[in-house]
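So that you can map any letter, position 8 of the sequence shown is 8 in full-length UniProt numbering, and since no number is skipped, the others follow by simple counting. Idealized CB from N, CA, C, for every residue including glycine. Small disclaimer: the values here were computed from a predicted structure and weren't measured.
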Amino acid sequence: MSTVTPKARPNGQSAEKLQTPEPASTRKRRTHNKQDIQQRNEEQRQAMIENFDLEIEDKIRSMMVQLEADKMDLQLKADCEIAQLPKCVREMPLRKFLQEYGGEVSVAARGTLNLEDQDDALFASLPETPLAIRVRRKAMASK
């Protein structure tokens, strides 16, 4: 580096020597040897693999959470569907339901209620449903 002596300052203080940077052509160039480049590439590759592994683990964790939520949702839907079945069908063994009634809920419900054997007087004493009342009133109004 070359040194430059600045002019004397007006207040009488001593001037310090300033250093100017060397021209770009005389600077040392850093050469990258092949081993450094390979090492840097290997480090980058390892970092990318670690990042990829972290992303995959996060995705798997997210999928497992979604799977658990879907399982719970499916179980709830199945429970709701089963709850809508008549009690006599719900309590029936699956083998009997499939063999005797062919898996038909309406057939199984009719078969277990034995409606054909019941006395009509028993049903006459039961209270009317709102729909039956409306139908009866409509029939009377049209006469």
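Fill in: Cβ neighbour criterion (16 or more within 10 Å) applied to A108
buried
Quiz item: Are V105 and V89 touching if we call contact CB-CB under 9 Å?
Solution: Yes.
Opening and closing residue of the alpha helix (DSSP H) in which P130 lies: 130-142
Environment of M48 [buried if 16+ CB atoms lie within 10 Å]
exposed
**Cβ neighbours of Q44 in the same chain (closer than 6 Å, five flanking residues each side left out)** = Result list for Q44: empty, nothing under 6 Å.
task: Determine the extent of the alpha helix (DSSP H) in which N51 is found, giving its start and end residues.
output: 34-83
Fill in: Exposure label - M92; buried when at least 16 CB within 10 Å
buried
*Kindly list the residues whose CB is nearer than 7 Å to the CB of C80, restricted to its own chain and excluding five residues on each side of it in sequence; keep chain order.*
If we look at C80 and ignore the five residues flanking it on each side, it has no Cβ neighbours.
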